[in-house]
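S.K.:
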Amino acid sequence: MKSDFAIKGSRDYLSGSIIFDFIIERMAKDPRDLEIVFYKKTLNNCSFTRETPAADAVPVGKYRDRDGTIHILDTPEVIRKRVDYPEERVVQACRFEGPMAAVPAEVPGFSFIEKLVAVYKQMLQTMHPGEKHKFIFVQLKLKRLPKGAFSVRHERRLGNGFFQAAVLEGAERLGGVFFNEW
Amino acid sequence: MFSKDEFRSAVIEGLKRVRDVSEIKIRDDESFSDVGLDSLDGMNLVLEVETLLGINLGEFDLSGANDINHFYEKAKEVVSKQG
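Laid out in structure tokens, this is it:
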């Protein structure tokens with residue numbers, strides 16, 4: 000399966016949230032024990048396969064859940080489309096308190112992963128004021144997707160510029176999201 | 000507190016999970032990068048070892064502990080400080 004993606008706003012890379020939504024909407028509905036990881040930035044469309052990729056394939060990322068693995072591969076086709084992406088609307092709709100953020104069930108026009116990425120990015124930027132780092136979503140590990148409202152709790156900085164936050168639904172920890180600073 | 004043998008077993012199991020392979024051979028003094036770990040894999044190795052040993056290594060940076068010997072010493076130090 001091949002994508003027809005658009006780059007969000009003025010970004011110089013294809014957002015991981017676009018790839019995640021593509022998989023959840025078309026290939027892995029209601030997943031359990033899901034994990035997605037991104038290996039490289041791309042500005043190209045991607046192909047998605049459950050087959051073992053060819054030796055010369057260029058992996059962009061990998062998705063896994065109880066039903067198996069989906070390989071996300073780079074293609075030579077450069078993405079030409081761009082879309083407006085008013086991420087600040089997510090931030091405005093959430094409540095931030097120290098290392099926690101409460102995310103409402105509905106922010107019109109934004110998916111679960113878009114809300115999660117926008118919120119944790121905002122938290123990291125607030126924690127590092129004045130620094131010119133970009134914080135990029137690189138990995139997500141969840142038991143399942145939240146059914147509605149959820150919260151995000153910054154947990155720690157790991158080595159090599161990685162940051163970890165917990166994704167919670169009520170008191171239940173659904174898993175973690177990981178960002179890297181570039 | 001975990002023993003060196005328990006820690007080594009956890010690291011090797013963690014490496015297998017991170018690299019998605021059924022077997023991995025690594026000496027205690029062999030660099031993780033020599034068996035193909037990049038920085039993201041390194042972060043995931045820390046997470047796997049935490050899960051396997053039931054410990055929390057906090058804000059752990061594997062870059063200064065790039066083999067089993069150093070990883071063990073650093074992890075032991077972190078856990079003993081936690082009491």
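Protein sequences, first through last, are from chains V and C.
When you line the first sequence up against numbering that gives the first Met the number 0, it's residues 0 to 181, in that order.
When you line the second sequence up against numbering that gives the first Met the number 0, it's residues 0 to 82, in that order.
Ideal placement from N, C-alpha and C gives every residue a C-beta, glycine not left out.
Taking only the alpha-carbon atoms, compute the straight-line gap between T68(V) and K3(C) and give it to the nearest angstrom.
M.R.: About 34 Å.
S.K.: Leaving aside the five residues before and after M122(V) along the sequence, list all residues of the same chain whose C-beta is less than 8 Å from its C-beta, in chain order.
M.R.: F95, P98, A100, V151, H153, A164, listed in sequence order.
S.K.: Whose CA, out of F149(V), D11(V), N159(V), G129(V), lies closest to the CA of A170(V)?
M.R.: If we check each option's Cα against that of A170(V), F149(V) comes out closest.
S.K.: For F59(C), would you say it is in contact with chain V, using Cβ-to-Cβ distances shorter than 8 Å as the test?
M.R.: Yes, its Cβ sits closer than 8 Å to a Cβ of chain V.
S.K.: Pull up the CB-CB distance for L42(V) and Y12(V), whole angstroms please, since I reckon it's below 8 Å.
M.R.: About 6 Å separates the two Cβ atoms, so the contact holds.
S.K.: What residue range does the beta strand (DSSP E) around M182(V) cover?
M.R.: Within the shown structure, residues of chain V are numbered from 0 to 181, placing residue 182(V) beyond reach of any answer.
S.K.: Comparing the CB of Y62(V) with every heavy atom of the ligand MG, is any distance shorter than 7 Å?
M.R.: This structure lacks the ligand MG, and indeed carries no ligand of any kind.
S.K.: Can you tell me which of the three DSSP states S8(C) falls into?
M.R.: Three-state DSSP puts S8(C) in a helix.
S.K.: From this set, E113(V), H70(V), I6(V), R79(V), which residue's C-alpha is nearest V90(V)'s C-alpha?
M.R.: Selected option, being the one with the closest Cα: E113(V).
S.K.: For E86(V), does the count of other Cβ atoms within 10 angstroms reach 16, so buried, or fall short, so exposed?
M.R.: Classification for E86(V): buried.
S.K.: Can you tell me which of the three DSSP states L36(C) falls into?
M.R.: In the structure shown, L36(C) sits in coil (DSSP, three-state: anything other than H, G, I, E or B).
S.K.: Taking only beta-carbon positions, decide if N44(V) is within less than 8 Å of chain C.
M.R.: No, N44(V) does not count as interfacial toward chain C.
S.K.: Give the C-beta separation of V48(C) and V10(C) to the nearest angstrom, bearing in mind that I take them to be a contact with Cβ-Cβ under 8 Å.
M.R.: Yes, they are in contact, since the Cβ atoms of V48(C) and V10(C) sit about 6 Å apart, within 8 Å.
S.K.: Would you please verify whether the beta carbon of F136(V) is less than 8 Å from any beta carbon of chain C?
M.R.: No - not a single Cβ of chain C is within 8 Å of the one on F136(V).
S.K.: When DSSP labels each residue in this structure, what does I18(V) get in the three-state scheme?
M.R.: The answer is helix: DSSP assigns I18(V) an H, G or I state.
S.K.: Can you look up I69(V) in the DSSP assignment and give me helix, strand or coil?
M.R.: Of the three classes helix, strand and coil, the one that applies to I69(V) here is strand, per DSSP.
S.K.: Can you list, in chain order, the residues of its chain whose CB lies under 6 Å from that of L33(V), leaving out five sequence neighbours each side?
M.R.: D64, L141.
S.K.: Taking all protein chains shown into account, decide if H70(V) is buried (16 or more other Cβ within 10 angstroms of its Cβ) or exposed.
M.R.: That one is buried.
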